[in-house]
Structure formats: structure tokens, C-alpha cells
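Taken in order, these protein sequences are the chains called A and B. Oh and the first sequence: position 107 is 95 in the working numbering, straight run, nothing missing. Oh and the second sequence: position 1 is 758 in the working numbering, straight run, nothing missing. Built from N, CA and C at the ideal position, the CB exists for glycine as well. These numbers come from a predicted model, not from an experiment. Data first, discussion second: the structure below is written as C-alpha cells.
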Amino acid sequence: GAVVSQHPSRVICKSGTSVKIECRSLDFQATTMFWYRQFPKQSLMLMATSNEGSKATYEQGVEKDKFLINHASLTLSTLTVTSAHPEDSSFYICSARGSGGGERSGYTFGSGTRLTVV
Amino acid sequence: GDSVTQMEGPVTLSEEAFLTINCTYTATGYPSLFWYVQYPGEGLQLLLKATKADDKGSNKGFEATYRKETTSFHLEKGSVQVSDSAVYFCALTGANNLFFGTGTRLTVIP
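Shown next, in the form of C-alpha cells:
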């Protein structure tokens, strides 16, 4: 079936540093990738949508200069949290969607990254 | 706009109890409906889905029926287990994305 690998699963960084999170579709080509943020005991908040080779589309209120998204290939998207601060601590989840029919055209989620900024 | 309203938790049940988690939606057009499950510290896993009215999605003993007349997609399971403890999200497809409910935390006690 469709599998999405996300790593790291956990990362702790110092305030002011940058962190990169990778999201890979392992057995299908992800034409679209989504990045979500989840606060404790809350639902998922869509941050941005990216199509391979295009600039990401950010949701209202999400700082594009702080959350850099790159989707350079059909199997890899990265989210870089720049100059991280403690308020950026959260659980980040990616989702990938392929083209064509079947399972790959649905939404497949990565296992998430727990970011803690100290 | 499209939205999902989900029963607020938390829900605590004894093992083998019957589970219902309510979900209603507002959407233009004919969305697909989903239930996702999130186990502690993990991402989301698709539990079941339904793509058109009157479809029933089922998996691992869970069921949900796409009811267009009541715009609902309630999740049910006849006999829950401790291993079902997780957060459950109802979702629907928008134009280019999924819309999620707020999630319902289920705890099953032995």
C-alpha cells in the first residue's frame, strides 16, 4: 500500500536554530503534499499545500518565511522551521497524495514529528 | 464552507462496551467521508471511508454509514477493546484538502 515516511520522529533544538523535517512517499509519486500542525489535544491545522515543482500555498496566518516548504521531487517534501522559538514546539504531520486511482490517490499520512524548542 | 462537527470527548468506556462517536458535516457537492485514528505519539491512520451516500465503511470492527439526509457519518463499534484507546478524527474531502473534526479521545478501561 501507499507509505509515507516522515523523519525525524522527535527533535529537540535550541531557540534560534533551524530544523528540517522530511516527508517521503516510499512507493508512489506524491503530486501533492500537505503539512499540518497539531497542538496538544487539538485537531490538525493545515499549514500549507505543495505541488511538486511549485511554490507552496500557505494557509492564512502561517508565516511562509518561518515555515519553508520545498517539494523538489515527486517523492520528497521538506518543512524547515527557521529561527525556531518555544512557541513553535508542536507535532508536525505531513500527508501525501498521488495521482491516478486506488490507494495512492488518497491521503496518506506520515507518522509525525514532535518538535521541542528549548 | 466545508466543515466537520465532531462529538467532543473525552470518552471513557469499559472493555466490551458499545461505542458511538457522532460526526456531522457541512459541504457543497458530494464529499468523501473518512474516519482516521491517531494512537499516542503517532501520525494518522485511515480507519475507514465512504465515498457516496448510503455507503458503509468498515474496518477492525468499526463501522460508519454515509447519511446524506442527516449529513452524518457516525462511528460505531459493538465491543471496544483496550487497544482501541486513541484519538478519532472525522474528516471530509474539500476541493483540494481534507477538513478534520476536532478529534475525540477514547479511553477504554479493562
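Would you give the residue range spanned by the beta strand (DSSP E) that residue 807 of chain B belongs to?
-> 801 to 807 is the extent of the beta strand (DSSP E) around residue 807 of chain B.
Tell me residue 24 of chain A's beta-bridge partners as DSSP assigns them.
-> Residue 24 of chain A has A:34, A:81 as its beta-bridge partners, per DSSP.
Please state if the CB of residue 781 of chain B and the CB of residue 830 of chain B are separated by a distance shorter than 9 angstroms.
-> Between residue 830 of chain B and residue 781 of chain B, the C-beta spacing is below 9 angstroms.
Can you tell me which of the three DSSP states residue 837 of chain B falls into?
-> When DSSP states are grouped into helix, strand and coil, residue 837 of chain B belongs to the coil group.
Which bits of chain A does residue 855 of chain B rub up against, with CB to CB less than 7 angstroms?
-> In chain order: 95.
Using alpha carbons as the reference points, say which of B:859, B:835, B:864 lies closest to residue 841 of chain B.
-> Distances from the alpha-carbon of residue 841 of chain B to those of B:859, B:835, B:864 put B:864 closest.
Do residue 67 of chain A and residue 35 of chain A come within 9 angstroms of each other at the CB atom, strictly closer than that value?
-> Result yes, Cβ atoms of residue 35 of chain A and residue 67 of chain A sit closer than 9 angstroms.
Thinking just about the alpha-carbon of each residue, which of A:76, A:17, A:58 is nearest to the one in residue 106 of chain A?
-> Nearest option by C-alpha distance: A:76.
Could you give the residue range of the beta strand (DSSP E) that holds residue 848 of chain B?
-> Taken as a continuous stretch (DSSP letters only), the beta strand (DSSP E) holding residue 848 of chain B covers 843 to 850.
If we count the other Cβ atoms within 10 Å of its Cβ and call it buried at 16 or more, is residue 776 of chain B buried or exposed?
-> It is buried - the Cβ of residue 776 of chain B has at least 16 other Cβ atoms within 10 Å.
Could you check which residue in A:104, A:-7, A:103 has the C-alpha nearest to that of residue 802 of chain B?
-> Nearest of A:104, A:-7, A:103 to residue 802 of chain B, Cα basis: A:-7.
Short check: CB of residue 69 of chain A to CB of residue 7 of chain A, under 9 angstroms?
-> Their beta carbons are under 9 angstroms apart, which means residue 69 of chain A touches residue 7 of chain A by this criterion.
What is the residue span of the beta strand (DSSP E) that residue 763 of chain B lies within?
-> Segment 760 to 763, the beta strand (DSSP E) holding residue 763 of chain B.
According to DSSP, residues forming a beta bridge with residue 65 of chain A = Assignment of beta-bridge partners to residue 65 of chain A by DSSP yields A:11.
Would you please state the rounded distance, in angstroms, between the beta carbons of residue 122 of chain A and residue 13 of chain A? I believe it to be under 8 angstroms.
-> Absent from the model: residue 122 of chain A. The displayed extent of chain A is -11 to 106, so no value can be given.
Mapping DSSP to helix, strand and coil, what is residue 820 of chain B?
-> Strand.
Quick one: is residue 814 of chain B buried, meaning 16 or more other Cβ sit within 10 Å of its Cβ, or exposed?
-> Under this definition residue 814 of chain B is a buried residue.
CA-to-CA distance, residue 808 of chain B to residue 762 of chain B, given in whole angstroms = Our two residues, residue 762 of chain B and residue 808 of chain B, have alpha carbons roughly 18 angstroms apart in a direct line.
So which of A:83, A:98, A:103 has the shortest CA-CA distance to residue 19 of chain A?
-> Nearest of A:83, A:98, A:103 to residue 19 of chain A, Cα basis: A:83.
Cβ atoms of residue 855 of chain B and residue 16 of chain A: under 9 angstroms apart, would you say?
-> No, the Cβ-Cβ distance between residue 16 of chain A and residue 855 of chain B is not below 9 angstroms.
Endpoints, the beta strand (DSSP E) within which residue 768 of chain B is located = Run containing residue 768 of chain B: 768 to 771, per the beta strand (DSSP E) assignment.
So, residue 25 of chain A versus residue 79 of chain A, is the Cβ gap smaller than 9 angstroms?
-> Yes, these two residues count as a Cβ contact at 9 angstroms.
Measure how close the beta-carbons of residue 793 of chain B and residue 848 of chain B come, nearest whole angstrom, since I'm counting them as under 8 angstroms.
-> With 8 angstroms as the limit, residue 793 of chain B and residue 848 of chain B qualify as a contact, their Cβ atoms being about 6 angstroms apart.
Of the listed residues B:850, B:843, B:867, nearest to residue 768 of chain B (C-alpha basis) = The shortest Cα separation from residue 768 of chain B among B:850, B:843, B:867 belongs to B:843.
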